[in-house]
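Enquirer: Handing you a structure now.
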Amino acid sequence: MKGKNGVRPHGFLRGAAILTAGVLVVKFLGAVFKIPLNWIIQEDGMGYFTTAYSFYSPIYSLATAGFPIAISRMVSAGIARGRFREVRQVHRVSVFLFLLTGLLGTALMLLGAGWYVEAVGNPGALPAMVLLAPSILFSCLSAIYRGYYEGLRNMTPTAVSQILEALCRLGLGLFGSFWVLQTAQEEYAALGTVFGQEASSWEQARAVALPWAAAGAVAGVTAGAAVSFLFLLLRHKLRGDGLGKESLTASPAPRKARSTAARLLKTALPIGLGAVAVNIAGLVDTTFLQGRVGEILVQRPGPLLEMYRGMIPDYNLQHMETIPNFLFGCYANAHTLFMVIPAVTQAFGVSALPNVTTAWASGNPRRLKGSMETVLRMTSLFSLPAGIGLAVLAGPLSSLLFGSGGAAPIVARVLPVMAAGAVFASMSTPLQSMLQAVGRADIPVKLLAAALLLKTFLSYWLTGIPELNIMGAAIGTLACYLFMMVGSLIALCRVTGLVPRQVFWKPLAAAALCGAAAWGCQRFLENLLPGHSVITLVSVSVAAVFYAVCLVFMGLLKSEEIARLPGGQKILKILEKRPESE
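In my numbering, the protein residues as written are 139 to 720.
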């Protein structure tokens, strides 16, 4: 149903459901991308790929993270106050700002790539960094439209564009990496060279080709960002934004463009800097992990090599300078699974922003508290079972996704700690979005800066301990996000004067039961069918069904919340009939 202004808004739960569905599809496609990519280029290639991404992510976040949220907030506030011409002006001003930001971000990555790969001692990542740089421009341009439509409470364009981007990344990225290695293999078989460089064995030839295979993968990332922008641009040209002519005519005159630009920058920069702090944590891992592991191999290699006996490939053992990149590739695989959980809950934060902003602007504490509790409860209901499940099935999931080779046990050692960190990261994201919605975008920046210092100290110290090595980075990540979650929750309660209730303990109990079901099913089936990968899939499915039953019988989803979900009325009718059939 359209509002008076012609806009068809989505409520929080419907908007969150659309964004969450989109994110789940995107993350599924991302897993389908990164997991086969790991099979193609393996841990050494993933080391190059992730090194490039670690430098790219802070620049990307600075360029894209703050502006969509600022646009969404200003657009939703303009809609709430009936200032529709100002809403249009926000869009026009953002086009210029984003274009300039995207060009500067792309230039910064291109200019800094050479210096960075030398600083971390991983020159093989350079081709991937160069091909990844243009995606910053396309992502900035996409963010214009995503933020605008999210402010209008229309989450569909964001979800569809993200899925298109993920599909292109999947198809073109896998094809690019496979084609590079296939070409290298054919040249080596025919001439004994790889791209003109002589190789004494296929292992050496493959090592020469892997940096270019990683570059082929990121070429798909850049192509996906371009396709996403083109979709959003065409959709906006063809379908518009839904603002009616009568509403625009009756609307007050907008502020001056310079004033709108200043407000955008004032809102966006703290958010962007906060997002940079999060991604610099990944940069810290890339820099310190490889460097500190390299120091261990020079000064005291015995404990590390003994810990990973039979897990590190022979080629890496013969060329020990490649071991830091290999172990970083293993850590990157664990980090890929870690990121799935907070990426989904980010959709809750994005969808909550307009609703919390409107409740805060209207001065309605009851409505504000209800919005806060809904966001936190829905986040808990997803993140807690996902994190616990990832921890209790760390070994089986690592073997299922990354093969039964030596890398899987290394990933499995790190994953339980990363899973706990993922829960705290998942809770932090919507908390920070709500702080931004109530006008305190400065608080997440301060908290993230402090958390980054904690992360840097712990990662540098712990990764230098031979018995911990890459586990030290995981512990640093856990501590970082725990600090951010607790600090953000305390700050939100102080700013709003409201304390969310009944949002953690019941979901935690249901999640613990879900984890117990997954663990018990896995152990039971392993005794019946040892070595079968399907066991893990069955265990995950059983745990999911068991968790759904817990949600119903523990009353963790309110009827009004279910009703606002897509298809919620049908679900309610089924639940209402349940007692009669028993």
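We treat Cβ as the ideally placed atom computed from N, Cα and C, and that holds for glycine.
Between the region 420 to 432 and the region 606 to 625, can you find at least three pairs of beta-carbon atoms closer than 8 Å?
Expert: As far as the Cβ criterion goes, the region 606 to 625 touches the region 420 to 432, which means the pair count is three or higher.
Enquirer: For G577, report the span of its alpha helix (DSSP H) as first-last.
Expert: That residue, G577, is in no alpha helix (DSSP H); it is neither H nor E in DSSP.
Enquirer: Where does the unbroken alpha helix (DSSP H) through V359 begin, and where does it stop?
Expert: Per DSSP, V359 belongs to the alpha helix (DSSP H) from W340 to R377.
Enquirer: Nearest by alpha-carbon distance to L506: which of L443, G216 and L573 is it?
Expert: Checking every option, the nearest Cα to that of L506 belongs to L573.
Enquirer: Comparing C-alpha positions only, which one of A399, I581 and E341 sits nearest to L238?
Expert: With distances taken between Cα atoms, L238 lies closest to A399.
Enquirer: Once DSSP output is grouped into helix, strand and coil, what is the label at E720?
Expert: For E720, the predicted model reports a pLDDT of 38, less than 50, meaning its position is unreliable; a value from the coordinates is still stated below. The answer is coil: DSSP assigns E720 none of H, G, I, E or B.
Enquirer: Give the DSSP-derived three-state secondary structure of V164 in the structure shown.
Expert: V164 falls in the helix class under three-state DSSP.
Enquirer: Among the candidates P272, A472 and T512, whose CA atom is the shortest distance from the CA of T483?
Expert: Ranking the options by Cα distance to T483, first place goes to T512.
Enquirer: Apart from the five residues just before and just after V332, which ones in its own chain have a Cβ nearer than 7 Å to its Cβ?
Expert: A322, E325, Y326, A343, V346 and A347, listed in sequence order.
Enquirer: As a quick exercise: from M609, A650, G525 and G358, pick the residue whose alpha carbon is nearest that of V547.
Expert: Strictly speaking, residue 547 in this sequence is Pro, with Val absent from that position. Cα-wise, what sits closest to P547 is M609.
Enquirer: With L506 as the anchor, note down where its alpha helix (DSSP H) starts and where it stops.
Expert: Note, L506: alpha helix (DSSP H), P503 to V530.
Enquirer: Taking V318 as the reference, give the member of G354, E341, Y286 and F662 with the closest Cα.
Expert: Measuring from the Cα of V318, the nearest candidate turns out to be G354.
Enquirer: In its own chain, which residues sit with a C-beta less than 6 Å from the C-beta of S719, not counting the 5 before and 5 after it?
Expert: Because S719 carries a pLDDT of 38, less than 50, the predicted location of this residue cannot be relied on, and no value is offered for it.
Enquirer: Considering just the uninterrupted stretch of the alpha helix (DSSP H) at T244, what are its terminal residues?
Expert: Its alpha helix (DSSP H) spans residues F222 to A257.
Enquirer: Enumerate in chain order the residues of its own chain whose CB-to-CB distance from L600 is below 8 Å, with the five nearest sequence positions on each side excluded.
Expert: Excluding positions up to five away in sequence, the list reads L606, M609, G610, A611, I613 and G614.
Enquirer: With 16 other CB atoms within 10 Å as the buried threshold, where does V555 fall?
Expert: The residue is buried, with at least 16 neighbouring Cβ atoms inside 10 Å.
Enquirer: Given this structure, state the Cα-to-Cα distance separating L689 from I526, to the nearest angstrom.
Expert: If you take the alpha carbons of L689 and I526, they lie about 16 Å apart.
Enquirer: State the Cα-Cα distance for the pair G185 and V583, rounded to the nearest angstrom.
Expert: Straight-line Cα distance between these residues: approximately 29 Å.
Enquirer: Rounded C-beta distance between L246 and I197? I'm assuming under 8 Å.
Expert: The pair is a contact, with the Cβ atoms about 6 Å apart (cut-off 8 Å).
Enquirer: Would M622 be called buried (16 or more neighbouring beta carbons within 10 Å of its own) or exposed?
Expert: Classification for M622: buried.
Enquirer: Quick one: what's got a C-beta closer than 7 Å to K644's C-beta in the same chain, skipping five residues either side?
Expert: Excluding residues within five positions, the ones whose Cβ falls inside 7 Å are M692 and L694.
Enquirer: For N454, collect the residues of the same chain with a Cβ closer than 6 Å to its Cβ; drop the 5 residues on either side in sequence, then sort them by chain order.
Expert: So the list reads T460, I461 and F464, once near-sequence residues are dropped.
Enquirer: Check whether the Cβ atoms of P295 and R284 lie closer than 8 Å to each other.
Expert: Their beta carbons are under 8 Å apart, which means P295 touches R284 by this criterion.
Enquirer: Does DSSP put E605 in a helix, a strand or coil?
Expert: If DSSP states are grouped into helix, strand and coil, E605 belongs with coil.
Enquirer: Please report the Cβ distance between L592 and C618, rounded to the nearest whole angstrom; I am assuming they are in contact, meaning their Cβ atoms lie under 8 Å.
Expert: Rounded, the Cβ-Cβ distance is 6 Å, consistent with contact.
Enquirer: From L538 to V164, what does the alpha carbon distance come to, in whole angstroms?
Expert: Using only the alpha carbons, I get a separation of about 20 Å.
Enquirer: Using the DSSP secondary-structure output, state which residues sit across from E336 in a beta bridge.
Expert: T331.
Enquirer: What alpha helix (DSSP H) runs, 4 residues minimum, are completely inside the region 548 to 603?
Expert: Listed in chain order, the complete alpha helix (DSSP H) runs (minimum 4 residues) inside the region 548 to 603 are 580 to 601.
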